[in-house]
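In what follows, a single structure is set out as structure tokens and then discussed.
2 protein chains.
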Amino acid sequence: MIRFVRHLPLAESEKRAILDTPREIRRFQRGDTIYRPDEPCDAARILVEGLAAQYRILPNGERQSADLVFPARFCDLGCILFGVSDHFLAALTDVEVVEISTGRVLDLFARYPQIPVLLLHQETRNRSILFERLLSVGRRPAIRRLAHLLTEFRLRRELAGVAPSRAKRVLLPQRWIGDFLGLTTEHVSRTIAKLKAMGLIEQHRNAIVIRDPAGLARLAEFDPGYLHPGAEAPPQPPARRGREGGATVAGFGDRGSGGPKISASES
Amino acid sequence: MIRFVRHLPLAESEKRAILDTPREIRRFQRGDTIYRPDEPCDAARILVEGLAAQYRILPNGERQSADLVFPARFCDLGCILFGVSDHFLAALTDVEVVEISTGRVLDLFARYPQIPVLLLHQETRNRSILFERLLSVGRRPAIRRLAHLLTEFRLRRELAGVAPSRAKRVLLPQRWIGDFLGLTTEHVSRTIAKLKAMGLIEQHRNAIVIRDPAGLARLAEFDPGYLHPGAEAPPQPPARRGREGGATVAGFGDRGSGGPKISASES
DNA sequence: CGCGGGGTTGACTTTTGTCAAGAGTTGTGG
DNA sequence: CCACAACTCTTGACAAAAGTCAACCCCGCG
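Structure (structure tokens):
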């Protein structure tokens, strides 16, 4: 149930502390709104199980989604740091969320300085992903946008440990795909049809299955660098101090630099 | 020169430490590329003077810009945290950048845990701003996009301490405006013309001057919440509890901890 | 069964992009 | 100090991408 803590790249003592922190589990079903920006908000929320999507709305009701939230991730730092969240969170599947009160989180920050650093990593990566989404929406034509989104989600699921075969299935209502890509559902539907006609994907019921990951990535001109693949999930044993003027920080030892490259085009 | 440190919401000892850290100043002129994602990168870069823009490019050369970098801000956390930066930084004016080697920055992190927390704040806000940009590009028509961008920049400059009258002048090539908004320069030009015709802005040479800030904000359906205005510049935030040097996270003292109960899942 | 929520399809509209030419500016060197 | 080159911005005619509206299909479900 709190298995998610195990996957964080933190030292044992830090995990201990998190596990010892009082928390509350809340469950939601697919389609529920987990939180909204206009509610008071005094707890950190961490997704434990399921999949959720962050989005904002316009006065006319149009929605734009920024990103998916995967398990073991903070849903909204804004809530602890600013006391408000700046978006809606929707449950894309049945979902479990852990809540830890803001006060306790800040306490953890103070006692375990590695935690803010970890979050800083995650937030920096989150911003990078968002930047890439903006690039898609701003400059790529619909078909590439879609190819890119599908490739990104597949890759992120793999990086999070999902088996490649499973990661090739994307189960996401077209309405949501449109909200990620800034497209209408009609256009999403037509675009999916094109991808299908090209033999890059197939559809089973409401799921998209990537048939040719490499081809899809090529069409998307996908460059995985922005995901900072090296910095992902693999539980990182507590680090000893690095050499060279402290080139590493405990817990994030040798992330990044020179890091492992993931080719977008594996098949 | 390092006046920028004074504006950071940190304790004196922390500012001292930053000031005592060896660093290097580099200067660039308008139009220069300050860094690119394909270069090795082993230092944190903090903008001291001037204005810069972060952008990514597509293989065909199209650009999408994410955000402006204002003075006293880190340009790219990715560089220290992951050893690569994921974007280009262009100097929009003549610019001064301070570089502090990654090793020393990580050392500062370790010795002054408030610093990562401060950066976490900034990065969370940065992501929020980026989210709003995505909302613009994905869902708002060109004229609102532009109105929104102009309003955002004006407001952010005011929040950073620029006099309102000065903040109403936006000096930004249309090429860049297009890169922020995902539009071509031709379309930007036409859109500016419309805003002008509506009496909301005027143009003097290459500068746009906001004539009717309220009207422009209204057209943009601008809601400033995403800027987290409370969390901005004011050097010493209100610490209601422990002062300076203690157990509280500078400026984030005690946000509501005694947890009100949350209602269970809604439908 | 009949209902409803996705998803699909087609005809048509609107927005934005493309291409091309021209007008202002700015800066530079002769 | 002028002339010209190099930008940047503007404008127009046209093309393409994406949106709108409306009907319809397909299933799963009560």
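Order-wise, the sequence lines are chains Z and L. Heads up, the first sequence is in the numbering used here, so the first residue is 1100 and it goes up one at a time. Heads up, the second sequence is in the numbering used here, so the first residue is 1100 and it goes up one at a time. Where a beta carbon is used, it is the ideal one built from N, C-alpha and C, also for glycine.
Euclidean distance between Cα positions of residue i and residue j
| i | j | result |
| --- | --- | --- |
| R1340/Z | A1209/L | Confidence in R1340/Z is poor, its pLDDT being 39 and thus under 50, which makes the residue's placement unreliable; the coordinate value appears in the next sentence. Each residue's alpha carbon lies about 11 Å from the other. |
| E1113/L | I1214/L | 8 Å |
| V1287/L | H1327/L | 28 Å |
| I1156/L | E1231/Z | 10 Å |
| Q1128/Z | F1187/L | 41 Å |
| L1270/L | A1306/L | 5 Å |
| V1348/Z | A1110/Z | Because V1348/Z sits at a pLDDT of 26, beneath the cut-off of 50, its placement in the model cannot be relied upon, and the following sentence gives the value as read from the coordinates. Each residue's Cα considered, the two are about 12 Å apart. |
| L1254/Z | L1248/Z | 10 Å |
| G1298/L | R1268/L | 15 Å |
| R1265/L | D1119/L | 34 Å |
| L1282/Z | A1241/Z | 8 Å |
| G1177/Z | A1296/Z | 42 Å |
| Q1302/L | F1321/L | 22 Å |
| L1191/Z | I1300/L | 43 Å |
| F1173/L | R1289/Z | 42 Å |
| H1106/L | G1130/Z | 44 Å |
| R1274/Z | T1284/Z | 5 Å |
| P1121/L | A1165/Z | 38 Å |
| L1294/Z | A1246/Z | 8 Å |
| V1216/L | V1104/Z | 21 Å |
| R1317/Z | C1140/Z | 42 Å |
| I1117/Z | F1169/Z | 19 Å |
| A1292/L | I1179/L | 42 Å |
| V1236/L | F1252/L | 16 Å |
| R1203/Z | L1229/Z | 29 Å |
| P1272/L | A1189/L | 13 Å |
| I1145/L | V1196/L | 6 Å |
| E1148/Z | L1218/L | 28 Å |
| S1151/Z | D1175/L | Looking at the sequence provided, one finds Ala at residue 1151/Z rather than Ser. Between A1151/Z and D1175/L, the C-alpha separation is close to 28 Å. |
| T1201/Z | R1226/L | 20 Å |
| G1260/L | R1238/Z | 33 Å |
| Q1163/L | G1324/L | 24 Å |
Buried versus exposed call for residue i [16 or more other C-beta atoms within 10 Å across all chains shown]
| i | result |
| --- | --- |
| I1309/L | buried |
| H1220/L | buried |
| P1212/Z | buried |
| N1159/Z | exposed |
| E1138/L | exposed |
| A1313/L | exposed |
| P1334/Z | Unreliable placement is indicated for P1334/Z, whose pLDDT of 38 sits below 50; the coordinate value is still reported in the next sentence. Exposed, by the Cβ-count rule. |
| P1108/L | buried |
| P1136/Z | buried |
| I1124/Z | exposed |
| T1223/Z | buried |
| T1132/L | exposed |
| G1182/L | buried |
| R1115/Z | exposed |
Closer than 8 Å at the beta carbon, the chain L residues around residue i
| i | result |
| --- | --- |
| S1227/Z | G1177 and D1185 |
| T1223/Z | L1176, G1177, L1180, F1181 and E1222 |
Contact list for residue i against chain Z, beta-carbon separation under 7 Å
| i | result |
| --- | --- |
| R1232/L | L1233 |
| Y1325/L | D1185 |
Proximal residues of chain L, C-beta to C-beta of residue i below 7 Å
| i | result |
| --- | --- |
| H1247/Z | Chain L residues near H1247/Z: none, gap ~11 Å exceeds 7 Å. |
Amino acids of chain Z, ordered along the chain, whose beta-carbon sits closer than 9 Å to that of residue i
| i | result |
| --- | --- |
| H1286/L | Near H1286/L there are no residues of chain Z at all, since even the closest Cβ is about 13 Å away, more than 9 Å. |
Cross-strand partners of residue i (DSSP beta bridge)
| i | result |
| --- | --- |
| D1141/Z | Note: D1141/Z sits in no beta bridge, so no partner. |
| K1228/L | For the record, residue 1228/L in the displayed sequence is Ile; it is not Lys. Answer by DSSP bridge pairing: none, since I1228/L is not bridged. |
| I1276/Z | BP columns for I1276/Z are empty, so no partner. |
| A1189/Z | T1132/Z and A1152/Z |
| D1206/Z | Answer is none; D1206/Z lacks a bridge partner. |
| H1303/L | A1306/L |
| I1199/L | A1143/L |
| E1257/Z | Paired residues: none, contrary to the question. |
| G1173/Z | The identity of residue 1173/Z in the sequence shown is Phe, whereas the question assumes Gly. Note: F1173/Z sits in a beta bridge opposite I1145/Z. |
| R1244/Z | Looking at the DSSP assignment, R1244/Z forms no beta bridge with any residue, so it has no partner. |
| D1166/L | Q1153/L |
Proximal chain L residues relative to residue i, where beta-carbon distance stays under 9 Å
| i | result |
| --- | --- |
| L1191/Z | None at all; the shortest Cβ gap to chain L is about 14 Å. |
Where residue i meets chain Z, residues with beta-carbon distance less than 8 Å
| i | result |
| --- | --- |
| G1149/L | Those within 8 Å of G1149/L in chain Z number zero; the least Cβ separation is about 22 Å. |
| V1236/L | L1233, V1236, G1237 and G1281 |
| E1320/L | L1157 and P1158 |
Checklist entry - What residues from the stretch 1204–1219 of chain L come within 8 Å of chain Z, judged by C-beta to C-beta, listed N to C? => result L1205, D1206, F1208, A1209, P1212, P1215, V1216, L1218 and L1219
Item to check | Contact list for the stretch 1152–1165 of chain Z against chain L, Cβ threshold 7 Å | outcome: R1155, L1157, P1158, E1161, Q1163 and A1165
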